[in-house]
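Participant: Attaching a single structure in structure tokens format; questions to follow.
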Ligand code: HDD
């Protein structure tokens with residue numbers, strides 16, 4: 272997929288360094304062409320293809336169990352798999368760094384240097400994921416995306432284990448096994464994989480109205496991001512910050528992508544699931560390797576302790592956002608991902624996050640979801656990786672670690688001390704408790720009666736679901752209706768889809784009517800509750816268009832055939848590359864293509880059948896001779912490619928024969944377009960179609976640049 276070779280990639284990634292990358296080098300094994308093959312106990316192996324057996328040289332006799340080399344090879348293979356994550360099993364990760372902005376406003380709220388000291392570069396590892404599917408499931412399914420950040424700070428590791436959606440399905444951690452059992456494949460037949468479109472999920476959320484808000488986000492375009500690089504991240508839970516004066520603030524964390532927030536359309540997502548199940552993993556790698564490292568700004572929302580109860584929602588309720596109009600976002604620093612992993616299993620698969628991992632200056636709140644999470648993550652790592660999981664190279668901090676924890680499976684540290692307890696007769700010696708710079712729990716006054724309750728504000732579930740739906744642009748709302756309709760039409764138990772259409776009527780009368788009409792649900796006669804009519808900034812994806820449109824890292828297909836005009840391709844390629852896009856030449860065959868001026872001097876990266884329009888953000892067809900036009904128009908895959916890209920609202924540009932080919936492919940759909948039939952320069956796009964006959968190549972390239980950035 273990448274446009275650069277392995278050697279270039281290695282050269283690029285080997286240039287990247289930080290304290291964590293250096294730390295990992297302790298365990299990184301360089302393998303050179305002369306590295307000899309050995310057993311695990313270090314003995315050279317002359318042969319690894321034939322099991323030791325009895326034979327007269329003509330016939331095979333039995334294989335011998337005494338072959339310790341074969342036995343070791345099989346033993347090691349038999350035990351390669353470890354349990355996958357119980358949720359978020361499918362994912363990918365990358366290294367990078369975080370840097371606080373000069374004059375970061377965070378210093379008003381916290382003394383944590385990672386957020387306040389701009390002279391520091393904090394190494395980071397980020398793992399993105401989907402929630403429902405298994406490790407081998409497809410990337411582009413409709414699902415929440417995980418956005419887990421591990422910061423290797425000088426004061427210890429700080430994990431922000433977040434999602435690309437700012438709210439959650441449930442308010443109380445005790446419901447987590449229920450929501451996850453409900454969304455995961457059904458227990459009797461383990462169906463469906465990577466989908467929430469089934470009875471059990473919609474049954475549960477229909478009976479659990481606190482899920483309504485999050486369900487709206489998951490059914491919106493947020494559930495099918497174009498790329499991990501083009502989605503927001505949210506800490507979701509309410510944490511706290513403590514400033515040097517000892518004052519405490521409630522805080523929410525937001526990651527805002529440099530490239531804006533963009534999504535696939537559902538038809539693309541469905542097709543990509545089969546055409547390229549690794550679409551998001553490859554996309555992340557491709558961007559980093561091609562020198563377009565993804566970036567996010569970290570923003571915080573803060574509320575002083577004294578203001579905790581000044582809102583009509585509970586600020587500790589993870590099913591609620593803090594509307595930006597009430598609690599503005601303050602930008603505090605930048606996250607950059609600039610290095611791919613060297614090996615997936617030891618880095619990405621063994622990366623383990625814990626919400627309970629915070630550093631001095633950062634703390635928890637009484638958010639009941641967070642409190643339960645703080646128990647669950649450490650616990651799950653024990654099953655997955657063993658009790659010494661924090662010693663694994665990817666998880667160990669870059670600052671000193673020393674304590675009296677001992678032994679356990681896979682202990683890899685050798686402690687040179689005759690005592691392993693505290694206090695001890697050697698109390699003058701290390702490790703001793705550290706007062707200054709240590710983690711001091713905030714002295715919080717707490718009083719109450721032990722009881723299993725949800726307080727009154729935790730019982731309102733629809734105001735913010737309505738706020739979200741009201742804030743969507745018309746096309747986003749249309750996508751929401753389509754997504755609800757798709758999912759509920761996959762539920763075959765009428766109780767399920769009838770119940771859910773009733774829930775929808777508590778959110779929005781017209782939404783409920785539209786969905787009910789599609790899926791045979793309960794058609795409401797009147798709204799179950801009034802619409803408050805409010806909107807909020809930051810809920811629609813359109814609110815995050817980058818300030819300057821960019822096509823950086825966008826994949827552009829240039830369709831060619833023999834007889835293509837070489838200069839047209841080269842001008843467009845150069846213009847796209849200058850804009851930071853990644854152009855690919857696609858032709859009837861991979862290899863050299865003959866051009867209209869003679870000679871085979873254009874190399875095609877792929878052949879038509881090997882790729883699909885869904886894998887690209889825009890399409891360009893250059894000028895060429897008659898043979899060129901005839902070849903393209905006579906190729907069903909090309910015609911389908913153009914029509915499909917048009918259907919997915921992608922930018923399509925063509926010149927001369929290219930333009931004629933586009934006209935041919937689209938004539939069935941858009942009769943009002945007047946395409947140029949001459950060889951004059953013409954650009955067609957699915958955003959405002961441009962058919963001026965006097966288009967120059969340069970303006971064509973500019974248009975692709977401008978329009979593709981949408
Ligand atoms: Fe969780 C993994 C995000 C609620 C229990 N969660 C996990 C991952 C992410 C999240 C991104 C993958 C981490 C990785 O890449 O390794 N989880 C969230 C968010 C939540 C949330 C944003 C709501 C605010 N989670 C949540 C609750 C519980 C868990 C309420 C349990 C009470 N989550 C887990 C887990 C996982 C996990 C079972 C599985 C693998 C792992 O932890 O390391 O412990």
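Numbering (the working numbering), first residue to last: 272 to 981. Every residue, glycine too, gets a C-beta built ideally from N, C-alpha and C.
Under 8 angstroms: do the segment 572-591 and the segment 858-874 share three or more Cβ pairs, one atom per stretch?
Facilitator: Here the segment 572-591 makes no contact with the segment 858-874; the two share fewer than three CB pairs at distances below 8 angstroms.
Participant: Does the ligand HDD have even one heavy atom less than 6 angstroms from the beta-carbon of residue 400?
Facilitator: The residue labelled residue 400 in the question sits at position 129 within the chain shown. Flag set: Cβ of residue 400 near the ligand HDD.
Participant: Within the same chain, show all residues whose beta-carbon is closer than 6 angstroms to that of residue 308, passing over the 5 residues directly before and after it, in chain order.
Facilitator: Looking up residue 308 in the chain shown gives position 37. Within the same chain, Cβ atoms closer than 6 angstroms to the Cβ of residue 308 are found at 316, the five residues on either side in sequence being excluded.
Participant: For a quick check, are the C-beta atoms of residue 233 and residue 632 less than 7 angstroms apart?
Facilitator: Summary: the structure shown does not reach residue 233, with the chain confined to residues 272 through 981, and so no result is reported for it.
Participant: I'd like to confirm something about residue 363: is its beta-carbon nearer than 6 angstroms to some heavy atom of the ligand HDD, or not?
Facilitator: Counted from its first residue, the chain shown places residue 363 at position 92. No; taking the cut-off as 6 angstroms, the Cβ of residue 363 has no heavy atom of the ligand HDD nearer than that.
Participant: Which runs of the beta strand (DSSP E) fall wholly inside the segment 379-447 and span at least 3 residues, in chain order?
Facilitator: 393-401, 416-424, 427-434
Participant: On the DSSP letters alone, give me the boundaries of the alpha helix (DSSP H) that residue 932 sits inside.
Facilitator: Numbered from 1 along the chain shown, position 661 holds the residue referred to as residue 932. Start and end: 928-937.
Participant: What does a CB cutoff of less than 7 angstroms around residue 287 pick up in its chain, not counting 5 residues either side in sequence?
Facilitator: In the chain shown, residue 287 corresponds to position 16, counting from 1. These residues qualify, in order along the chain: 609, 610.
Participant: Could you have a look at residue 214 and say whether DSSP puts it in helix, strand or coil?
Facilitator: Summary: the structure shown does not reach residue 214, with the chain confined to residues 272 through 981, and so no result is reported for it.
Participant: Please identify the residue among 552, 293, 437, 481 whose C-alpha is closest to the C-alpha of residue 505.
Facilitator: Taking the chain shown and counting its residues from 1, one reaches residue 505 at position 234. Considering only alpha carbons, the answer is 437.
Participant: Could you tell me the alpha carbon to alpha carbon distance between residue 668 and residue 428, rounded to whole angstroms?
Facilitator: Walking along the chain shown from the start, residue 668 turns up at place 397. Walking along the chain shown from the start, residue 428 turns up at place 157. Their Cα atoms are separated by approximately 6 angstroms.
Participant: Count Cβ pairs between the segment 338-346 and the segment 310-326 that sit closer than 8 angstroms; are there 3 or more?
Facilitator: Three or more beta-carbon pairs drawn from the segment 338-346 and the segment 310-326 are found closer than 8 angstroms, and the two stretches are therefore classed as touching.
Participant: What are the boundary residues of the alpha helix (DSSP H) that includes residue 555?
Facilitator: As a position in the chain shown, residue 555 is number 284, starting the count at 1. 550-560 is the extent of the alpha helix (DSSP H) around residue 555.
Participant: Closest by CA to residue 879, which one among 715, 871, 913, 661?
Facilitator: Taking the chain shown and counting its residues from 1, one reaches residue 879 at position 608. Checking every option, the nearest Cα to that of residue 879 belongs to 913.
Participant: So, at 6 angstroms on beta carbons, what are the nonlocal neighbours of residue 402 in its own chain, with the 5 sequence-adjacent residues on each side left out?
Facilitator: As a working mapping, residue 402 is identified with position 131 in the chain shown. Hits under 6 angstroms: 358, 359, 414, 415.
Participant: Is the Cβ of residue 369 closer than 7 angstroms to any Cβ of chain C?
Facilitator: Judged by its chain identifiers, the structure shown contains no chain C, having just a single protein chain.
Participant: With DSSP as the reference, please indicate the residues paired to residue 336 in a beta bridge.
Facilitator: Walking along the chain shown from the start, residue 336 turns up at place 65. Answer is none; residue 336 lacks a bridge partner.
Participant: According to DSSP, simplified to helix, strand and coil, what is residue 682?
Facilitator: If you number the chain shown from 1, residue 682 lands on position 411. Residue 682 falls in the coil class under three-state DSSP.
Participant: Among residues of its own chain, excluding the 5 on either side of residue 582, which ones have a beta-carbon nearer than 6 angstroms to its beta-carbon?
Facilitator: Sequence index remark: in the chain shown, residue 582 carries index 311 (1-based). No residues qualify anywhere along the chain.
Participant: Considering only the beta carbon of each residue, do residue 1026 and residue 409 sit closer than 7 angstroms?
Facilitator: Because the chain in this structure spans residues 272 to 981, residue 1026 falls outside the shown range and cannot be described.
Participant: Would you mind reading off the limits of the beta strand (DSSP E) that contains residue 643?
Facilitator: Locating residue 643 in the chain shown gives position 372, where the first residue counts as 1. Careful: residue 643 lies outside any beta strand (DSSP E), inside the alpha helix (DSSP H) at 639-656.
Participant: Whose C-alpha, out of 921, 829, 850, is nearest the C-alpha of residue 895?
Facilitator: Start at 1 with the first residue of the chain shown, and residue 895 comes out as number 624. Of the candidates 921, 829, 850, the one whose C-alpha sits nearest the C-alpha of residue 895 is 829.
Participant: Across which residues does DSSP place residue 464 in a beta bridge pair?
Facilitator: By 1-based counting over the chain shown, the position of residue 464 is 193. DSSP, once it has assigned bridges, lists no residue as partnering residue 464.
Participant: If we ignore side chains and look at the alpha-carbon of each, how far apart do residue 400 and residue 364 end up?
Facilitator: Counting from one through the chain shown, the residue named residue 400 turns up at place 129. Counting from one through the chain shown, the residue named residue 364 turns up at place 93. When rounded, the distance between both Cα atoms is 9 angstroms.
Participant: What did DSSP end up calling residue 572 once you bin it into helix, strand or coil?
Facilitator: In the chain shown, the residue the question calls residue 572 occupies position 301. In the structure shown, residue 572 sits in a strand (DSSP, three-state: E or B).
Participant: Which residue from 938, 643, 725, 468 puts its Cα closest to that of residue 455?
Facilitator: Position 184 of the chain shown holds residue 455. Answer by Cα proximity: 468.
Participant: Just to confirm, are residue 783 and residue 789 a CB contact at a threshold of 7 angstroms?
Facilitator: As a working note, residue 783 is residue 512 in the chain shown. As a working note, residue 789 is residue 518 in the chain shown. For residue 783 and residue 789, no; Cβs fall outside 7 angstroms.
Participant: From the DSSP output, in three-state form, read off residue 885 for me.
Facilitator: Within the chain shown, residue 885 is the residue found at index 614, counting from 1. In this structure, residue 885 counts as helix in the three-state DSSP scheme.
Participant: Do three or more CB pairs link the segment 482-499 to the segment 682-694 at distances below 8 angstroms?
Facilitator: no
Participant: Taking a contact to mean a Cβ-Cβ separation below 7 angstroms, would you say residue 742 touches residue 647 in this structure?
Facilitator: As a working note, residue 742 is residue 471 in the chain shown. As a working note, residue 647 is residue 376 in the chain shown. Going by C-beta atoms, residue 742 is not nearer than 7 angstroms to residue 647.
Participant: Contact between the segment 534-551 and the segment 884-892 is defined here as three or more beta-carbon pairs at a separation below 8 angstroms; is this criterion met?
Facilitator: yes
Participant: DSSP three-state call for residue 602: helix, strand or coil?
Facilitator: Mapped onto the chain shown, residue 602 falls at position 331. The answer is strand: DSSP assigns residue 602 an E or B state.
Participant: What three-state label does DSSP hand residue 545 in the structure shown?
Facilitator: Your numbering for residue 545 matches position 274 in the chain shown. Residue 545 falls in the helix class under three-state DSSP.
Participant: Starting from the Cα of residue 579, find the closest Cα among 568, 561, 598, 566 and give me that residue.
Facilitator: In the chain shown, counting from the first residue as 1, residue 579 sits at position 308. Comparing Cα positions, the closest option is 598.
Participant: Between the alpha carbons of residue 530 and residue 938, how many angstroms are there, rounded?
Facilitator: On the chain shown, residue 530 is found 259 positions in, with the first residue counted as 1. On the chain shown, residue 938 is found 667 positions in, with the first residue counted as 1. Those two C-alpha atoms are separated by around 34 angstroms.
Participant: How would you call residue 715, buried or exposed, if buried means at least 16 neighbouring beta carbons within 10 angstroms?
Facilitator: Translated into the one-based positions of the chain shown, residue 715 becomes position 444. It is exposed - the Cβ of residue 715 has fewer than 16 other Cβ atoms within 10 Å.
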